[in-house]
Each structure stands twice: as C-alpha cells, then as structure tokens.
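Novice: My structure is below; once you've seen it, I'll send some questions.
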Amino acid sequence: MVEFLKEKPDTCTGDELHYVSVAGGKWKLALWRYLPVRSAPARNHPLLLLSGVATNALGFDLDPSVSFARYMSSNGFDTWILEMRAAGLSKNEEEEEQLKTSDPKKTASQLSSTVVELAEKLRAVVNEGQSRVLSARLAEQLSSILEDAQLSHRYQEIKDRLVKLLEERKNAAFTSQLIDLSNRLTRLLEETQVSVSRVRDLQSRLTSTVDEFQKFLDLIVKYDWDFDHYLEEDVPAAIEYVRNKCNPKDGKLLGVGHSMGGIILYALLASKGKDSGIAAAVTLASSLDYSASNSSLHMLLPLADPAQVLNVPVVPLGAIMQAVYPLVCRPPYALAWLGYNVSASGMMDPDLYKKLVYNNFCTVPAKLLLQLRTAFQRGGLKSRDGNVTYKNLLSKSEVPVYAIAGDADLICPPSAVIDTVCTLPTERGKYEVFGGQHNRHYGHYDLLVSRTAKTEVFPAILKFFEKHDMLQ
C-alpha cells in the first residue's frame, strides 16, 4: 500500500510527504520529497537519501542554510529522504489503528470492571495451585477469568505472542526478562490469606504489573528487526516507490547514505550488483569494516551482545542524547569529548547543534546493534545468519561510488572509509577526505550540517552526480 498526504504535518519540511508499506503492511515508511526547481537543469535520475542508525530525516534538512536535500533539489534533482521503520514520521500500522478505534471512557470502564472481577475471583485463582512460572500460562489463566470479550482477546494475544517469543528467541537476556516479569505476576496471584485491604493493594499491583508486562512485550515486538530488514525490505520498497513516481528511463536512482545509510548502500551494491537499482552512490562517513580503525565506537559500544550488556530490547538513543546535552555543551563541559563524536569543535552553529541533538535521534533495537557490531569484527559487517560478509562481495560492483570522509570523524575515521572503498574496482571507487585546512575539521555530522558543508562538500557531491547522471 502506498499513500500521499495532501496535508503534511509541520514536522515534515519537504514539499511532499509520502508513505510506502513494508513488513506485510505492519509499517508505513515516510518519504520526504523535495521537488526540483523548475529553473534548474533537467536530471535523468531521482535522488534517494538514507540517514544513519536511529536517526530521522532532519540530518538532510536541518535548516535552510544547511539543507543537503534543498541544495540538490535546487540543482534539479527530484530528491527523496527515506525514514526507515520507527524513525521520524514512519508509522506502525497497529498503533495507528488502535488510536483510531480507542475510546478512553470505554477503556477506563472496562479496566475498572476487570479489576473488580479479578478481586472477586482472586482466591479461586490462588487456590488452583497450578504452576505459573511461564508467562504464557499466566496469560492463559488471566484470559480465562475475564468475561469481557475484548480484554479476554487482548490477553489471548499476549499469550500467543509470548509463546512465539519464547519458542523463537535463543537470547538469554530476553528470556530472563520475560521470566522475571512472569515470576512477579505469579507471586501476586499466589499470595494467600488476602485481607480486604490487601485485595485493594493487590488489585493495584496486579494492574500495574500486567500493564508493565504488556508494554515490555509491545516493545520487543515493535522493535524486532535488524540491519538486514532495512537492506531487504525498507530500502528496496523505497527504491521501487520512487522509481514508480519518477519513471527514470533506465529505472535507476542515485543514492546518498550518511553513516549507516552509506553502509546500506554498500551492502546493497555488494549483494545486488546491477540489480540494486542504483546508478551511482555517495557515502558519507561510512564503512563496512571498522575492525582495524580507531573508531570511538570501539569504546562507546561494547563488543558484546547489547541485549546482555544493556539488559533491554531497545536503546533510547534520542532520550540519551537529550540527557547528556547539558554535560556536553555547558560548563564544566564534563562530556565535551562525547560531543566531538557528533561535530568537531566550532564547525556547527550552536543553535543548530542543539536542534540536531534534540530532534534527530530515535530509539534503536538491540537486534540492530547486535548485527552492526559485526562491522567491528574481523572481515566486517555480516548478514543476519553470518553467511555473507558484504565487503567480500563489493569488488564485483560496477556502480560508481564516491566515498567521503571527515578528517576529524571519531566514529568513522578516514582509515575506515578507505578500508571499504579500496575493495571497489579502481575505476569505480573515488575517495576524498574533507578538513585539515584553514583550521577547519569535519566530524561525523559536519559533512552534512556544518557551517562550510554547503560551500565545500555539497558542490563536490553535485559534481560527481552530474558526471554519472547520464543514461547508459
């Protein structure tokens, strides 16, 4: 299913907002469109922009003064920014449908009736003496004592989803969290000799714990994807949508990827070759292999299972960035070094830096981080099953690539960028590092949103695409 919104939210600063469905319709991915200026030269290919991990479209259109999307559209390119699942304005179909059909008054009434029913039948439940260690069994019992069909159906869904999770997941961290929540619910139900006052307390605790359990399950199910989902579902769907809208004569697009967006482009070229749908690509601060570099992520992201290290199914990167901002940008600058991972000193306007930190970052699944960590292991990024090392396939690509690095990029240093671009055929790979002259240094985001990106980096990208925009 595809969709074009005639009235877009203020958050979208593009000319148009489109949606394309993936994952069996579970997700609707947002596509921001910037129409080419009529006075600009006509171009043969539309341009698709891919952002980094846990980020939205803002990096490509932070402000009119530093907007790569607007720069390219003003030079004649029909420009699109993809926001992948759970990023920016992309939507979860199930959540959207629930919002449309939810009735707050009815829900409150149902919850109240359910709590009373639970209290009245609590002793019967406790005296059953059945084991409730597994959360699926608990959900089944709760469902059996609920007379309200809608709420009973809700618990049946919880049970089915949980059984599936317990069967499929081999990760000890996820399982231990589910069992812990199960035990907490079990203890609440197995308390005996409950007085009237304790029943009221138990009602509250039971309701709260079940709600927490539901939210935790929703979190796991909602953020249940990895890098290969982007590569095999999100990006191909966006390419197909843009192709159908713009009708390029050769059926191809131009692509720009920043950070993880560039990694996706590399993996796409490696795995699909001529069938990637890409005529030429620019990667900004991207690499398939960070193992031999001095990337700061070696220190910031432990090379162990993130689900075990963090004990959570997701990492709320947006909230973390907002929380540390005062320590980065205000005296005594306790975490100033962390800010340099985003931008080199003095390269960004302070107000725009704050806007970027507060609005650009989203929540990232631990499963995604788990796969991305293979980029820091020998050989570089691997597929979900570990059978494909993307860098090994890149040498067969015939698509021209312009790999750009920032001289002061702590996350993806020039050495990491060189490591990947060197695997391309000599005539297909072009490399350039920006910074180091005139007291200017480019950090990870400076290639897109620094004071000088529009006058130094953007024109170089435009020149590359003008050369490769010709039809073959």
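Residues in the sequence shown are numbered from 57 upward in steps of one, following the numbering used here.
Where is the CB? At the ideal position from N, CA and C, for every residue including glycine.
Do you know offhand how far residue 86's Cα is from residue 401's?
Specialist: Cα to Cα, the separation comes out at about 33 angstroms.
Novice: Please state whether DSSP places residue 148 in a helix, a strand or coil.
Specialist: Here residue 148 sits in strand by DSSP.
Novice: Among 467, 510, 423 and 516, which residue has its Cα nearest to the Cα of residue 500?
Specialist: Of 467, 510, 423 and 516, the residue nearest in Cα terms is 467.
Novice: Using a threshold of 8 angstroms, state whether the C-beta atoms of residue 554 and residue 450 are closer than that.
Specialist: Residue 554 is absent from the structure shown; the chain starts at 57 and stops at 528.
Novice: Applying the criterion that 16 or more other CB atoms from any shown protein chain within 10 Å of the CB defines a buried residue, is residue 493 buried or exposed?
Specialist: Exposed, since its Cβ has fewer than 16 Cβ neighbours within 10 Å.
Novice: Expressed to the nearest angstrom, what Euclidean distance is found between the alpha-carbon atoms of residue 442 and residue 428?
Specialist: Whole-angstrom Cα-Cα distance: 12 angstroms.
Novice: Give me the DSSP bridge partner(s) of residue 313.
Specialist: Per DSSP, 106 and 339.
Novice: State the Cα-Cα distance for the pair residue 177 and residue 422, rounded to the nearest angstrom.
Specialist: The pLDDT assigned to residue 177 is 43, lower than 50, so where the model puts this residue is not dependable; a value taken from the coordinates is nonetheless given after this. Looking at the two C-alpha atoms, the distance is approximately 39 angstroms.
Novice: Might you give, ordered along the chain, the residues of its own chain that have their beta carbon closer than 8 angstroms to the beta carbon of residue 463, omitting 5 neighbours on each side?
Specialist: Here the set comprises 470, 489, 490, 491, 492, 497 and 498.
Novice: Assign residue 74 to buried or exposed, taking buried as 16 or more other Cβ atoms, counted over all protein chains shown, within 10 Å of its Cβ.
Specialist: It is buried - the Cβ of residue 74 has at least 16 other Cβ atoms within 10 Å.
Novice: Could you name the residues of the same chain whose beta carbon sits closer than 6 angstroms to that of residue 374, not counting the 5 residues immediately before and after it, in chain order?
Specialist: Taken in chain order, the residues that qualify are 417 and 418.
Novice: With respect to the alpha helix (DSSP H) encompassing residue 281, which residues constitute its N-terminal and C-terminal limits?
Specialist: Per DSSP, residue 281 belongs to no alpha helix (DSSP H) and is neither H nor E.
Novice: Output needed for residue 444: all residues of its chain with C-beta closer than 8 angstroms, excluding positions within five of it in sequence on either side, in chain order.
Specialist: Excluding sequence neighbours, residue 444 sits near 327 and 438.
Novice: If we count Cβ pairs, one from each stretch, closer than 8 angstroms, do we get three or more for the segment 127-139 versus the segment 341-351?
Specialist: Short answer: they don't touch.
Novice: Can you name, in chain order, every residue of its own chain whose Cβ lies under 7 angstroms from the Cβ of residue 68, other than the five neighbours on each side?
Specialist: 88 and 145, listed in sequence order.
Novice: Please state whether the Cβ-Cβ distance between residue 61 and residue 408 is less than 8 angstroms.
Specialist: No, the pair does not count as a contact, with Cβ atoms beyond the cut-off.
Novice: Give me the Cα-Cα distance between residue 395 and residue 380, rounded to the nearest whole angstrom.
Specialist: Using only the alpha carbons, I get a separation of about 9 angstroms.
Novice: Are the CB atoms of residue 290 and residue 424 within a distance shorter than 8 angstroms?
Specialist: Contact: no.
Novice: Determine the DSSP secondary structure at residue 307, reduced to helix, strand or coil.
Specialist: Of the three classes helix, strand and coil, the one that applies to residue 307 here is coil, per DSSP.
Novice: If the criterion is Cβ atoms closer than 8 angstroms, does the pair residue 9 and residue 312 meet it?
Specialist: Outside the shown range of the chain, which is 57 to 528, sits residue 9, and nothing can be said about it.
Novice: Assuming contact is defined by CB atoms lying nearer than 8 angstroms, are residue 121 and residue 113 in contact in what I supplied?
Specialist: Not a contact, by the Cβ cut-off of 8 angstroms.
Novice: Starting from residue 89, trace the beta strand (DSSP E) in both directions and tell me its first and last residue.
Specialist: First-last of the beta strand (DSSP E) with residue 89: 83-90.
Novice: What first and last residue would you give for the alpha helix (DSSP H) that runs through residue 124?
Specialist: Taken as a continuous stretch (DSSP letters only), the alpha helix (DSSP H) holding residue 124 covers 124-130.
Novice: Who are residue 334's beta bridge partners in DSSP?
Specialist: Residue 334 pairs with 309.
Novice: Is it buried or exposed, residue 477, if we count other Cβ atoms within 10 angstroms and call 16 or more buried?
Specialist: With 16 or more other Cβ atoms within 10 Å, it is buried.
Novice: Would you list, in sequence order, the uninterrupted alpha helix (DSSP H) runs of no fewer than 4 residues that lie entirely inside the segment 405-491?
Specialist: DSSP runs (the alpha helix (DSSP H)) wholly in the segment 405-491: 406-415, 422-428, 446-449 and 470-477.
Novice: If you draw a straight line from the alpha carbon of residue 78 to that of residue 292, how long is it in whole angstroms?
Specialist: The straight-line gap from Cα to Cα measures roughly 10 angstroms.
Novice: Just mark residue 447 as buried or exposed, buried being the case when its beta carbon has 16 or more other beta carbons within 10 Å.
Specialist: So residue 447 ends up on the buried side.
Novice: In chain order, what residues of the same chain lie with their CB nearer than 6 angstroms to the CB of residue 130, ignoring the 5 residues before and after it?
Specialist: For residue 130, where only same-chain residues beyond five positions count, the Cβ hits under 6 angstroms are 93.
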